[in-house]
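Just remember that the working numbering sits 30 ahead of the position in the sequence shown, which is counted from 1.
Think of the CB as a built atom: it goes at the ideal place given N, C-alpha and C, for glycine as much as any other residue.
Fair warning: this is a prediction, and the values are worked out from it, not measured in the lab.
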Amino acid sequence: MNILFLQWKVKLSPQKEVITSDELLTHLGNCLLSIQPQGKSEGLQLNFQQNVDDAMTVLPKLATGLDVNVRFTGVSDFEYTPECSVFDLLGIPLYHGWLVDPQVMVEAPLSPLPRWS
31 MNILFLQWKV KLSPQKEVIT SDELLTHLGN CLLSIQPQGK SEGLQLNFQQ NVDDAMTVLP
91 KLATGLDVNV RFTGVSDFEY TPECSVFDLL GIPLYHGWLV DPQVMVEAPL SPLPRWS
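This is the structure in structure tokens:
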């Protein structure tokens, strides 16, 4: 939510000193529902609507944390799941901070890198 406040996509009353998680999720849901699809084709419209539906379904999980599958090919590489749709629709970059211990010898994998939740 902080990024949405900083981008002025979500605004709160200046008198508001405390906000509940339900209120935050309502603001986030309203923000998601206000987004318009980029393309006009029926296929793009259907894909967009599915992404919005997925995002609205996982929205309540934001109060306790999302389960995402990271890939070790880059700090912004994730398996695309419904949880990622919230960030994707809102244009919020998602990063993970896995670091390899430089003291540990790591061999290059022979197969594709695993993903972790």
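For residue i, which option in the options has the closest C-alpha, if you only look at C-alpha atoms?
| i | options | result |
| --- | --- | --- |
| residue 126 | 63, 83, 97 | 97 |
| residue 105 | 74, 42, 128 | 128 |
| residue 108 | 124, 52, 34 | 124 |
| residue 120 | 61, 131, 52, 91 | 61 |
| residue 99 | 88, 92, 113, 93 | 113 |
Return helix, strand or coil for residue i, following the three-state DSSP convention.
| i | result |
| --- | --- |
| residue 102 | coil |
| residue 53 | helix |
| residue 36 | helix |
Count the other CB atoms, across all protein chains shown, that sit within 10 Å of the CB of residue i; report buried if there are 16 or more and exposed otherwise.
| i | result |
| --- | --- |
| residue 116 | buried |
| residue 58 | buried |
| residue 72 | exposed |
| residue 77 | exposed |
Enumerate in chain order the residues of its own chain whose CB-to-CB distance from residue i is below 6 Å, with the five nearest sequence positions on each side excluded.
| i | result |
| --- | --- |
| residue 31 | 54 |
| residue 33 | 122 |
| residue 132 | none |
| residue 65 | 119 |
| residue 93 | 51 |
| residue 37 | none |
Only counting the same chain, and skipping five residues up and downstream in sequence, which positions put a Cβ closer than 8 Å to that of residue i?
| i | result |
| --- | --- |
| residue 90 | 55 |
| residue 81 | 115, 118, 119 |
| residue 41 | 35 |
CB-CB under 7 Å to residue i, same chain, minus the five flanking residues each way: which ones, in chain order?
| i | result |
| --- | --- |
| residue 86 | 59, 62 |
The ligand NAD and residue i: does any heavy atom of the ligand fall closer than 6 Å to the residue's C-beta?
| i | result |
| --- | --- |
| residue 31 | By its list of ligands, the structure shown contains no ligand whatsoever, and the ligand NAD lies outside what it can speak to. |
Quiz item: Which ranges does the alpha helix (DSSP H) cover as unbroken runs of at least 4 residues, wholly within the region 57-121, from first to last along the chain?
Solution: 72-88, 112-120
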